[in-house]
Structure formats: structure tokens, C-alpha cells
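In the numbering used here, the protein residues as written are 1 to 415.
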């Protein structure tokens, strides 16, 4: 079978049994290092992507993508504004809300929370809180029934469960014959939710929109309107459009202002982790350079004979580039295969390790996400593989040039 001479000799040098064993060991270590580096890089990036997706699903599943409120956090004539917003094709759902800070009391236990007044029929359009209930249901919130849904940490702190009563104290005084008194109302616990966010589980309670308007003395007003978009990444653009459309009497905020710092931190950490892990591949590439340099010194006589027979310096150079490239290609291919296999099975491997050794890597009581998610993107795999292959070829240039500069007479003088 026809083969280019450089490819044939480079391939022979790669698996020749007569080579120096130490050089063979360094070459094998280089191949193993490239393989491990690529494998770890694919796996860690997949895990980081999984964490980012999990954060996005948990946070943006319960918070509004865009919020429209009045300039003084009170929105009058909100019904017409709601219909105007729903007519926008980019908006998938819209729901009004009220929001105030209050104090909850049960016996001698107190807890400061943010009460949100919601419409249970419209709330699922903008939030998944309805699907994160441990007990009860949002449908139990009915007008003038004065029911309340608490976060699991709020309920535990107050020591209440379904059917128990809590007292809500609004920090707005009212004048009575007995003097100035805070506004107080008894509510019945009709649900307990667990979102997995401290902001909701430990600081938030929900009541019916009609009850909140009575409690906060906002008969014809709401605090604002929450919006859910078809594409959440269009939130900044839509915000600017709504500010122009609605005018200065409205305040428009999007999720990137409140939670964007979290995702920027994850992205920065992912970039830093990629650079750090690529150093593992870099160490393997230095080993590859060392092994090729030793191979060049070991093969000086062979190179001199090939040159004497008429081989050009460029052909000699390509021999050692082929030799180094084969090591890099084999290491990258096995690294990609193992990395993809590991990234796709992290969800099964980690629980097996935890059950075998009897510990949790991320205890639920300490970490926001207690499981290790994985989200592998083929684009990341391709980028890593291409980068590793290009670097493997580039680092062979210097040893190959050294081989091409060997003078036959000088090398064969003592042979």
C-alpha cells in the first residue's frame, strides 16, 4: 500500500520496539497526560454547564423575567397595562402582584418576611412556585378567606403547619379610638413551599391578591406586573423597549439586574477553570516536546543516513512532526471518548460513590444545589478536541526543526 515516506517512518518510530525505553515511557506519559487533560476538561465543563443550567432553572423558574411597576412602587389602572403587555408577542405570561414587608407572629415566635399578594389563577404564567409546594396548594388561596402560603424555613421557624394560624402585622399604623395601632390580621396556613432559594424559603409568604389589597389599603392598585418571556435572554432588550413604550411613570426591571451577577460569576469561574485545567494538557505537551527532543538525539545516525540517501530537511522535519502528532491525536481521541462517557454518566457515578463511601459531596443543608448536574455540549467537546490537536501539532515544530538541522558528516563521524 502506498504511503508517504515521512508518514511511514514517523509511524514506525512511534511504535518501534528498539527505541530507548525511557523515551518510550516519556512518550506514553505525554499521551496519557493529553488524554487525562482532555477527559477532565470535558467533564468539568459539562458539570459547570450543569450547575449553570440548574441555577437558571431554579432561579428564573420562580422569579419574573421582567417586572413593570409604578414610579412609587404602586401601579394604578393596572388592568389596561396588563392587557397592553400581554399583546406583546415576546411576552409569554403576565400576572399582577403586591409586595410588602411584614412581621409574622405565632405565640412568642416572630419572623420578618416579604408578603406577596398573587392571583393563583395567573401566577403559573410567570412562576413555578405552584409546582414547588410540599403541602397544600395555591388554589386554597381564596378572596376574603385569608389563607397564607409560607416558605418551608419560615414555617419551621414559626413552628406552624397546615391549618395553623399566624398573625400578620403590617408596619403601617391606623388611628383607632384606642390610639395609633399597627394593622393586624390573622391568616390560616394553607400551603408550604420549598423552592430551594433562601430568598423564597426563608423570607417569602404568599396571600391572595384581593386579601393583600385589603391588608395594604391598595383597593385599586398593585405593586406591579411580572412578565415571563418566550426567550429570557431577550429581557434587557425588551426592558428598553417597554421603557420607551410605557413612559417615565413606569419602572421596568429585568432579571439580569437582580440575578445577573450570579450567572456572570459562574461564567467567569468556568473560564478560569478551563484555563487552569488546560494547564494539565500543557504539562503533557511539554513532556511531548521532551520525548521528541530525546528521540531526535537518539536517532541522529538514522537522520544522517536518510539525508545522505537524499532526504530533504523538510522531509526529516515532517517525520518527527508525524511522530509527535500521532501521540497527540491518540491521546486526544481517547480523552474525548472517556470525557464524553464520564460527562454523560456523572449523574449515575456520583451517587454510586456517595453510597459506597457513605458521604455526600454537597450536603443539602449546606449547599444550594445538593446534586452534581451535568450538561454536555458537543460544541465544547469539539472546541477542546480541536485545541488539543492544534497544540499537539504546534509543539512538534521545534524538535522537528532541530532534527532537520542535523549535519550528516557531524553525526556519522564517530559511527
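Beta carbons: idealized from backbone N, C-alpha and C, even for Gly.
Quantities reported herein were computed from a predicted structural model and do not represent experimental measurements.
> Can you tell which of 87, 232 and 347 has the C-alpha that lies nearest to the C-alpha of residue 43?
Replying inline: Looking up residue 43 in the chain shown gives position 43. Comparing Cα-Cα distances from residue 43 to each of 87, 232 and 347, the minimum goes to 347.
> For residue 373, does the three-state DSSP call read helix, strand or coil?
Replying inline: As a first step, residue 373 must be located in the chain shown, where it is residue number 373. Residue state, collapsed to three classes: coil.
> Would you report the Cα separation of residue 140 and residue 209, rounded to the nearest angstrom?
Replying inline: Counting from one through the chain shown, the residue named residue 140 turns up at place 140. Counting from one through the chain shown, the residue named residue 209 turns up at place 209. Approximately 13 Å between the Cα atoms of the pair.
> By Cβ distance below 7 Å, which residues in the same chain neighbour residue 82 in space, the five residues on each side in sequence not counted?
Replying inline: Within the chain shown, the letter at position 82 stands for residue 82. Excluding residues within five positions, the ones whose Cβ falls inside 7 Å are 94, 96 and 225.
> Quick one, which of 311, 269 and 397 has its alpha-carbon nearest residue 430's?
Replying inline: No information on residue 430 is available, as it lies outside the stretch 1 to 415 that the chain covers here.
> Per DSSP, what kind of secondary structure is residue 398 in: helix, strand or coil?
Replying inline: Start at 1 with the first residue of the chain shown, and residue 398 comes out as number 398. Correct three-state label for residue 398: helix.
> Should residue 407 go down as buried or exposed, given a rule of 16 or more other Cβ atoms within 10 Å for buried?
Replying inline: Within the chain shown, the letter at position 407 stands for residue 407. Residue 407 comes out exposed.
> Bridge partners of residue 193, per DSSP?
Replying inline: Counting from 1 along the chain shown, the entry for residue 193 is found at position 193. Answer is 133 and 151.
> Do you know offhand how far residue 132's Cα is from residue 146's?
Replying inline: Reading the chain shown from its first residue, position 132 is the one you call residue 132. Reading the chain shown from its first residue, position 146 is the one you call residue 146. Looking at the two C-alpha atoms, the distance is approximately 21 Å.
> Just curious, the beta strand (DSSP E) that residue 109 is in, first and last residue?
Replying inline: Within the chain shown, the letter at position 109 stands for residue 109. Residue 109 -> beta strand (DSSP E) spans 109-118.
> Straight-line CA distance for residue 129 to residue 61?
Replying inline: Position 129 of the chain shown, counted from the first residue, corresponds to residue 129. Position 61 of the chain shown, counted from the first residue, corresponds to residue 61. Whole-angstrom Cα-Cα distance: 8 Å.
>> Restricting to runs no shorter than 4 residues, where is the alpha helix (DSSP H) found entirely within the segment 270-319?
In response: 300-308
> At a cut of 8 Å, does the segment 54-73 reach the segment 292-309 through at least three beta carbon pairs?
Replying inline: no
>> Pop quiz: residue 289 and residue 395 are said to be a contact at Cβ under 8 Å. What is the actual Cβ separation, rounded to whole angstroms?
In response: What you label residue 289 is simply residue 289 of the chain shown in a count that begins at 1. What you label residue 395 is simply residue 395 of the chain shown in a count that begins at 1. Their Cβ separation, rounded to whole angstroms, is 5 Å, which keeps residue 289 and residue 395 in contact under 8 Å.
> Do the segment 210-218 and the segment 227-237 make contact, defined as three or more Cβ pairs closer than 8 Å?
Replying inline: no
> Using CA coordinates, which residue listed in 184, 202, 67 and 32 is at the minimum distance from residue 236?
Replying inline: Translated into positions along the chain shown, residue 236 becomes position 236. Nearest option by C-alpha distance: 67.
> CA-CA distance, residue 212 and residue 52?
Replying inline: Here residue 212 corresponds to residue number 212 of the chain shown, with the count starting at 1. Here residue 52 corresponds to residue number 52 of the chain shown, with the count starting at 1. Near 35 Å, if we compare the C-alpha coordinates of residue 52 and residue 212.
> Can you give, in chain order, each stretch of the alpha helix (DSSP H) that sits fully within the segment 20-87 and has at least 4 residues?
Replying inline: 21-60 and 78-86
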